[in-house]
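Heads up, the thing below is written out as structure tokens.
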Amino acid sequence: MSANRTLSSILMAFACLVVAACAATVDMKPQVVATDNAPKAIGPYSQAIRSGPMLFLAGQIPIDPKSNQLLVGTIEEETTLVLNNLKAVLEANGMSMGNVVSTTVFMKDLNDFPKMNTVYGTYFKEAPPARATVQVARLPRDVKVEISAIAVK
58 MSANRTLSSI LMAFACLVVA ACAATVDMKP QVVATDNAPK AIGPYSQAIR SGPMLFLAGQ
118 IPIDPKSNQL LVGTIEEETT LVLNNLKAVL EANGMSMGNV VSTTVFMKDL NDFPKMNTVY
178 GTYFKEAPPA RATVQVARLP RDVKVEISAI AVK
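If you want this note's numbering, it's the position in the sequence shown, counting the first as 1, plus 57.
This is how it looks when you write it as structure tokens:
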């Protein structure tokens, strides 16, 4: 066997050991993340699930976590509360809005998109996450907006 082939085999074996060691140190078992600073789940779901370095956040609607009351307001007010709720769940996992890599925005009326987008942009000033925005026929409790997210540490 040539020296290059031997070195290549050694490097490949070393790379496999490094990958295996890294995989063993990352806890991939899903863990529930919850905080009192965001609305409690109102059904059989979690505020967020962490798996390894990833955090999957459930959709948030504009419920005040302190009063547990629904905010019925302008699209700007609802979007602000929704994003604050997502931010609280992120913080419960030691993350910030800067860790968000993807969001899905569900809107009752896409005519409100420019107003929602203006508020959204204040939370994601640098390197905004990937995003999908869709208009839906109806949202829980007839709110104007719901946003879910995925974050990575």
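Yeah, the Cβ is synthetic: ideal placement off N, Cα and C, and Gly gets one too.
Practice task
Whole angstroms is fine: what's the gap from N188's alpha carbon to E134's?
Solution key: Going by the sequence as given, residue 188 is Arg instead of Asn. Those two C-alpha atoms are separated by around 20 Å.
Handout entry: Contact set for D169: own chain, Cβ-Cβ below 6 Å, skip 5 residues either direction
Key = I132
Problem - Continuous alpha helix (DSSP H) assignments of at least 4 residues falling wholly in the region 146–181 - result: List check, alpha helix (DSSP H) in window: 170–180.
Problem - Proximal residues to P186 (C-beta, below 6 Å), its chain only, five neighbours per side dropped - result: V157, V158, S159, T160.
Handout entry: Status (buried if at least 16 other CB within 10 Å, exposed otherwise) for A194
Key = It counts as exposed.
Handout entry: Host beta strand (DSSP E) of A208 (start-end)
Key = Note, A208: beta strand (DSSP E), 202–209.
Problem - Simplified DSSP state of I118, which is helix, strand or coil - result: It is coil, neither helix nor strand.
Handout entry: Selection from F113, K172, V176, R107 that minimises the alpha carbon distance to N141
Key = It is V176.
Problem - Candidates K86, D121, M152: closest to K210 by CA position - result: Per the Cα distances, M152.
Practice task
Measuring only between beta-carbons, confirm whether M154 sits less than 8 Å from chain B.
Solution key: Here there is only one protein chain, and chain B is not present.
Problem - V202 and M164 closer than 8 Å at C-beta - result: yes
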